[in-house]
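In what follows, a structure is listed as structure tokens, so that the remarks can point back to it.
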Amino acid sequence: MISRRCLKLASSDIREIFNPSSEGTINLGIGEPDFTTPRHIVEAAKRALDEGKTHYTPNNGIYELREEICNRVKVDYNLDVHPENVIITCGASEGLMLSLMSLVDRGDEVIVTDPAFLSYRNLIHLCEGRPVPVKLEEDFSLDLEKVKESITDKTKCIVINTPANPTGKVMSKEEIKGLSDIAEDYNVIIISDEVYDKILYQGRHYSPMRYTENCIVVNGFSKTYAMTGWRIGYLYVSEGLNSRLNIIDHMIKIHQYSFACATSFAQYGALAALRGDQSCVYEMVEEFRRRRDLMVKGLRDVFKLYPPEGAFYIFPNTEEYGSGEDVVNRLMERGILAVPGIAFGEGGRYHIRLSYATKYQYIERAVEIIRETFLEGC
Ligand SMILES: Cc1ncc(COP(=O)(O)O)c(C=O)c1O
1 MISRRCLKLA SSDIREIFNP SSEGTINLGI GEPDFTTPRH IVEAAKRALD
51 EGKTHYTPNN GIYELREEIC NRVKVDYNLD VHPENVIITC GASEGLMLSL
101 MSLVDRGDEV IVTDPAFLSY RNLIHLCEGR PVPVKLEEDF SLDLEKVKES
151 ITDKTKCIVI NTPANPTGKV MSKEEIKGLS DIAEDYNVII ISDEVYDKIL
201 YQGRHYSPMR YTENCIVVNG FSKTYAMTGW RIGYLYVSEG LNSRLNIIDH
251 MIKIHQYSFA CATSFAQYGA LAALRGDQSC VYEMVEEFRR RRDLMVKGLR
301 DVFKLYPPEG AFYIFPNTEE YGSGEDVVNR LMERGILAVP GIAFGEGGRY
351 HIRLSYATKY QYIERAVEII RETFLEGC
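All letters in the sequence shown, in the order written, are residues 1 to 378 by the UniProt record's numbering.
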């Protein structure tokens, strides 16, 4: 009875891991900021409710929010995006879904990095496409030659994510430029998931949209403003891509028949997030940096690791002690929850993902326990 499309989807390994979580465990598996949404954003949404902004909004979202997103990407990345080429979505998750559903037909191929955020390959299956994994290098960089070799006449898109979940890697300007050239040369579309663009500890964020029109940018408010439960995200495309494919209209059809619009008052909260003082973002990022430093310092003689450059995850190599799953099980016995790297693809088999989106003192304690477990052969 159940559709083949649905049967192909894996249930989230991450959720399965957390089902047995009990009191007193330190949860380093979480993929969301532990901060509450800044006050002025909450107040703006409450005001919107009081003012009766409780109706459907235009399918593509309120104009002011789309306009503010365009202003922001102009200031931050010098991109000229028109509000008509922006859609406000129910989280970046919906932005990814609209992008893939509007492009991928049965049997089409989509290149994804291995490891990568696990939604990508499942959403590709949902579209009846075929995920084509490209294994990342040891330092989590992307070998562009391998990308080229993976392209066939069935390749429609390449999904990238910088800064990345689960590795914390930030793609360099050269990598982004090189990938954009590939997108141009082979006429494939880059779906660029930039949800962690503001959670950056070194270097700069580069978007492929700077270098190619063959690009859809997906972003959201969940990570930058600690708004995971609000379900507000957005996507945008260039004028060039839209005039070629009319892709925004096609995405709007899917959005209209599935979600109609993103939640009205949450859109006003998101507007306040963009228009308001950004110091809340800098403060959260500074706190993430402090926790990252603590983890890197405490774990670098336990595991082989690359210090994360962005996002809030570290992805140590566990080879010395067994597979990521072995290590996660040992940690679970000591009251620490982590995610085995295999959840993000075969390339993560000998890794674990630890999130530092939890309190400093919990991380301090977790680092102590991990050191005892692996360095003292506990
Ligand atoms: C790389 C990546 N993209 C997208 C999402 C989904 O974000 P949203 O809450 O905006 O749907 C996540 C959430 O963990 C993520 O890590």
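The beta-carbon is built from N, C-alpha and C at its ideal position, and this holds for glycine as well.
No experiment lies behind these values; they were computed from the predicted model shown.
Check your understanding: What's the C-alpha gap between residue 401 and N27?
Key -> Residue coverage of the chain in this structure runs from 1 to 378, which leaves residue 401 outside it and unanswerable.
Practice item. From the DSSP output, read off the bridge partner residues of N85. Key: For N85, which the question treats as bridged, DSSP gives no partner whatsoever.
Review point. What do you reckon, are the CB atoms on R291 and Y206 nearer than 8 Å?
Key: No, these two residues do not count as a Cβ contact at 8 Å.
Point to revise | Three-way DSSP call (helix, strand, coil) for G233 in this model | key: Reduced to three states, the DSSP call for G233 is strand.
Review point. Among residues of its own chain, excluding the 5 on either side of D34, which ones have a beta-carbon nearer than 6 Å to its beta-carbon?
Key: Counting only Cβ-Cβ distances below 6 Å, and skipping sequence neighbours, we find A357, T358.
**Study point:** Outcome for T54 when other beta-carbon atoms lying within 10 angstroms are tallied against a minimum of 16
**Key:** Counting other Cβ atoms within 10 Å of its Cβ, T54 stays below 16 and is therefore classed as exposed.
Exercise for review: Please look up how many angstroms separate the CB atoms of R231 and G91, rounded, as I've assumed it's under 8 Å.
Suggested key: Contact check for R231 and G91: beta-carbon distance about 5 Å, within the 8 Å limit, so the pair qualifies.
Review point. How many angstroms separate the CA atom of I370 from the CA atom of E364?
Key: Taking C-alpha positions only, I370 is separated from E364 by approximately 10 Å.
Review point. Which partner residues does T373 have in the DSSP bridge list?
Key: According to DSSP, which records beta bridges pairwise, T373 is partnered with nothing at all.
Review point. CB-CB under 7 Å to K148, same chain, minus the five flanking residues each way: which ones, in chain order?
Key: Result list for K148: I182, in chain order.
Review point. Regarding F140 and ligand 1, is the C-beta to nearest heavy atom distance less than 7 Å?
Key: No; taking the cut-off as 7 Å, the Cβ of F140 has no heavy atom of ligand 1 nearer than that.
Review point. According to DSSP, is V367 helix, strand or coil?
Key: The answer is helix: DSSP assigns V367 an H, G or I state.
Review point. Is the segment 112-123 touching the segment 260-278 in the sense that three or more CB pairs, one from each, lie closer than 8 Å?
Key: Not touching, per the Cβ criterion.
Point to revise | Buried versus exposed, by CB contacts within 10 Å (16 or more), G229 | key: Of the residues assessed, G229 falls on the exposed side of the cut-off, its CB having fewer than 16 other CB atoms within 10 angstroms.
Point to revise | heavy atom of ligand 1 below 7 Å from T228 C-beta | key: T228 Cβ: within cutoff of ligand 1.
Review point. Would you call Q361 buried or exposed, if buried means 16 or more other Cβ atoms sit within 10 Å of its Cβ?
Key: Burial is judged here by how many other beta carbons sit within 10 angstroms of a residue's own beta carbon; Q361 has fewer than 16 and is exposed.
Check your understanding: When you compare only the Cα positions, how much space is there between T167 and E51?
Key -> Distance between the alpha carbons of T167 and E51 is about 43 Å.
Practice item. State yes or no: is the C-beta of A338 nearer than 7 Å to some heavy atom of ligand 1? Key: Answer for A338: no, Cβ out of range of ligand 1.
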